[in-house]
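Once you know that position 269 of the sequence shown is 272 in the numbering used here, the rest is easy, because the numbers rise by one and skip nothing.
All residues carry an ideal CB built from backbone N, CA and C; glycine is no exception.
Note sheet for the following structure.
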Amino acid sequence: MGFFDLFKKKKDNTAPAAPEQQEVAQKEQAQQEELSEGLQKTKTGFFSKLARAVAGRSTVDADVLDDLEEVLITSDVGVETTVKIIDRIEARIARDKYMNTSELNAILRDEIAQLLEESHSSREDFGLEVKPGMPYVMMVVGVNGVGKTTTIGKLAAKLTAAGRKVYIGAADTFRAAAIDQLAVWADRAGATMIRQEMGSDPASVAFDTLKSAVANGADVVLIDTAGRLHNKIGLMNELTKIRNVMAKVIPDAPHEVMLVLDGSTGQNAFEQARQFTQATQVTSLTITKLDGTAKGGVVIGISDQFHIPVRYIGIGEGIDQLRMFDRREFVNALFAEQK
Numbered sequence: 004m005g006f007f008d009l010f011k012k013k014k015d016n017t018a019p020a021a022p023e024q025q026e027v028a029q030k031e032q033a034q035q036e037e038l039s040e041g042l043q044k045t046k047t048g049f050f051s052k053l054a055r056a057v058a059g060r061s062t063v064d065a066d067v068l069d070d071l072e073e074v075l076i077t078s079d080v081g082v083e084t085t086v087k088i089i090d091r092i093e094a095r096i097a098r099d100k101y102m103n104t105s106e107l108n109a110i111l112r113d114e115i116a117q118l119l120e121e122s123h124s125s126r127e128d129f130g131l132e133v134k135p136g137m138p139y140v141m142m143v144v145g146v147n148g149v150g151k152t153t154t155i156g157k158l159a160a161k162l163t164a165a166g167r168k169v170y171i172g173a174a175d176t177f178r179a180a181a182i183d184q185l186a187v188w189a190d191r192a193g194a195t196m197i198r199q200e201m202g203s204d205p206a207s208v209a210f211d212t213l214k215s216a217v218a219n220g221a222d223v224v225l226i227d228t229a230g231r232l233h234n235k236i237g238l239m240n241e242l243t244k245i246r247n248v249m250a251k252v253i254p255d256a257p258h259e260v261m262l263v264l265d266g267s268t269g270q271n272a273f274e275q276a277r278q279f280t281q282a283t284q285v286t287s288l289t290i291t292k293l294d295g296t297a298k299g300g301v302v303i304g305i306s307d308q309f310h311i312p313v314r315y316i317g318i319g320e321g322i323d324q325l326r327m328f329d330r331r332e333f334v335n336a337l338f339a340e341q342k
């Protein structure tokens, strides 16, 4: 069973009737509009800068590209990814001999979609299979304050709503508030939480969680971890120990290591990604708080620069506003016409 199969409700597989198909289409349209609204600040900032960059110009020349480079960097796409985008546009100009500024939006859209495709950021790109009878184990990492605990809670709620048995391991034992907050989410989601006293060995919590999850036939295990970056060696050792201990219970665990980043921090999110990818093998990203910021370019830049696919984005406080990332939906929403 692949990870995304876990979100499918345990119901019959009969094809939906026509009214149900219409309802599904309406729901998808509403979700697209919600995503577009969630990215409104990013869109407004980006396209207002882009409009100023091409104002009064008809041809994409070196000056326009210089201004576009500045637009992308100040939109938190990141220097490395910005240079890659500019180089690709220059190659297209060299090939086609000419490019009108009116074409620039469409060209940018194509290039951003291509970058996200290259980093495998879409739901169909996650197809890891788990051995029958064993739970899917996800270790969640990230600094304090990025929405890590809330993300775990929302994931648990989505999974239990789909009929899955979820266990949560409170392995961030350095903050009592983190354990208490996770307990509230677990209770709300109907998930089982395994905890120990504050200050306990995080690896011990992870071990107990997996043992209990296997014994009780859980479908998914979500492991919270501490988010301390002041001591990178300590962080690396701690995460390595947690991974090694989990592998004693389930040899291929964790099946996924998800890094949660706060999209509103812009360039700080790049530094956090750098620190955590050096400390452990990160296999997916969740980028939160995109609805309150104009820094949504981090989704593009971090995924591209670190070659890590985006799995979720957060565009609001609601459980349903933790959205499974789809590169096509994201690009469509980002380039949707301004209202």
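By the CB criterion at 8 Å, V334 and I92 fall outside the cutoff.
Shown here, E259 sits in a strand according to DSSP, grouped into three states. Distances from the CA of I88 to each of I76, T280, L238 were compared; the closest alpha carbon is that of I76. CA-to-CA, the gap between M239 and R167 works out to about 31 Å.
Counting along the chain, M201 sits inside no alpha helix (DSSP H), nor does DSSP assign it H or E at all.
DSSP places M142 in the uninterrupted beta strand (DSSP E) bounded by 139-144. Cβ neighbours of G230 within its own chain (closer than 6 Å, five residues either side excluded): G145, V146, N147. One alpha carbon belongs to R55, the other to D222, and they sit about 52 Å apart. With fewer than 16 other Cβ atoms from the protein chains shown falling within 10 Å of its own Cβ, T47 counts as exposed.
Of all alpha-carbon atoms in M142, S306, Q24, E37, the one lying nearest the alpha-carbon of H123 is that of S306. For A164, there is no enclosing beta strand (DSSP E); the enclosing alpha helix (DSSP H) covers residues 151-164. It is roughly 33 Å from the alpha-carbon of L68 to the alpha-carbon of L262.
A direct Cα-to-Cα measurement between A186 and D175 gives close to 12 Å. Per the DSSP secondary-structure output, V169 pairs in a beta bridge with V223. Secondary-structure assignment with DSSP links V80 through no beta bridge to anything.
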